[in-house]
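One structure is given here, and the rest of the page talks about it.
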Amino acid sequence: MPIETKSDEITHHISQQFNNDLDELRNQLLAMGGAVEKQVSDAIRALIDADSELGLSVREKDTDINYMEVSIDENVSRVLARRQPAASDLRLVIACTKAATDLERIGDEASKIARFGISLSEQGEAPRGYVEARHIGSHVRKMVQDALNAFARFDADMALAVVQEDKSVDREYKSAMRELVTYMMEDPRSITRVLNIMWVLRSLERIGDHARNIAEYVIYLVKGTDVRHIGIKRMKAEVFEDL
Numbered sequence: 006m007p008i009e010t011k012s013d014e015i016t017h018h019i020s021q022q023f024n025n026d027l028d029e030l031r032n033q034l035l036a037m038g039g040a041v042e043k044q045v046s047d048a049i050r051a052l053i054d055a056d057s058e059l060g061l062s063v064r065e066k067d068t069d070i071n072y073m074e075v076s077i078d079e080n081v082s083r084v085l086a087r088r089q090p091a092a093s094d095l096r097l098v099i100a101c102t103k104a105a106t107d108l109e110r111i112g113d114e115a116s117k118i119a120r121f122g123i124s125l126s127e128q129g130e131a132p133r134g135y136v137e138a139r140h141i142g143s144h145v146r147k148m149v150q151d152a153l154n155a156f157a158r159f160d161a162d163m164a165l166a167v168v169q170e171d172k173s174v175d176r177e178y179k180s181a182m183r184e185l186v187t188y189m190m191e192d193p194r195s196i197t198r199v200l201n202i203m204w205v206l207r208s209l210e211r212i213g214d215h216a217r218n219i220a221e222y223v224i225y226l227v228k229g230t231d232v233r234h235i236g237i238k239r240m241k242a243e244v245f246e247d248l
């Protein structure tokens, strides 16, 4: 039976501390993700229900999201300086800092939606485009949720599904924009209010883009391959060979 030396004990202790540091970083990111997910949900509900109070709450909480990103970045710097991670550990650290940036930007888009929702609620009657906003909003909210679940479970297949969903959101967005442009041409009096809804749809489409980015970081983390800027067909062929 091998004898455990003092050196072995120290190595095990350091290794356990490193694992704890990585777990803390991952938990920080998932906590930020949960907060951002709620921001998106509340912003959409504030818009659809013309709830100015809820919209203001979303706007105020955006600062909390910013602080969360800063805290994660600081933790990443400490881990890199103290532990000098390599291989899959380094990929986790990189994925966390990049995902935090996208989550902060999702929070910004949620704040924009809340701002436009407040403005629209003050204008009275709901303009054309609310149905589209509700539908696309539900779609991108699920994308964010699934991207975060994929990160929590290190599930590359779920992440791939999120990447594929982004194409569907893009099609829905373009179709809705065409319909709204036609509507404004037919009723010029509606232009100002419908433009606000178009900006909301733009923010929702951007949220879908950021959810896709997070999903791509999960694929990088699990598979060890950077899949940014490559098409889904090539991604499946080169990274998901079993599909």
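For the sequence shown, my numbering begins at 6 and goes up steadily by one. Every residue gets a Cβ at the ideal spot worked out from N, C-alpha and C, and that includes glycine. Model, not experiment: these values are computed from the prediction.
- Scanning the region 122-182 from its first residue to its last, no whole beta strand (DSSP E) run of 3-plus residues comes out.
- Straight-line spacing of the CA atoms in Glu221 and Lys147 works out to 16 Å.
- When only Cα atoms are considered, Asn24 and Ile235 end up about 32 Å apart.
- Ranked by Cα distance from Lys103, the options Met240, Arg239, Glu243, Ala216 are led by Ala216.
- Closest option to Glu184, judged by alpha-carbon separation, among Asp94, Arg194, Arg133: Arg133.
- DSSP places Ser76 in the uninterrupted alpha helix (DSSP H) bounded by 57-88.
- When rounded, the separation of the alpha-carbon atoms in Pro193 and Val186 is 10 Å.
- The DSSP-derived three-state label of Val244 is coil.
- One thing to note: Asn201 has its Cβ no nearer than 7 Å to the Cβ of Ser76.
- Using a Cβ-Cβ distance cut-off of 8 Å, the region 78-86 and the region 169-184 are not in contact, since fewer than three pairs of beta carbons, one from each stretch, lie closer than that value.
- The Cβ neighbour count for Ile196, taken over all protein chains shown within 10 Å, is under 16; the residue is labelled exposed.
- When Cys101, Leu35, Arg211, Lys66 are compared, the shortest CA-CA separation from Glu79 is found for Cys101.
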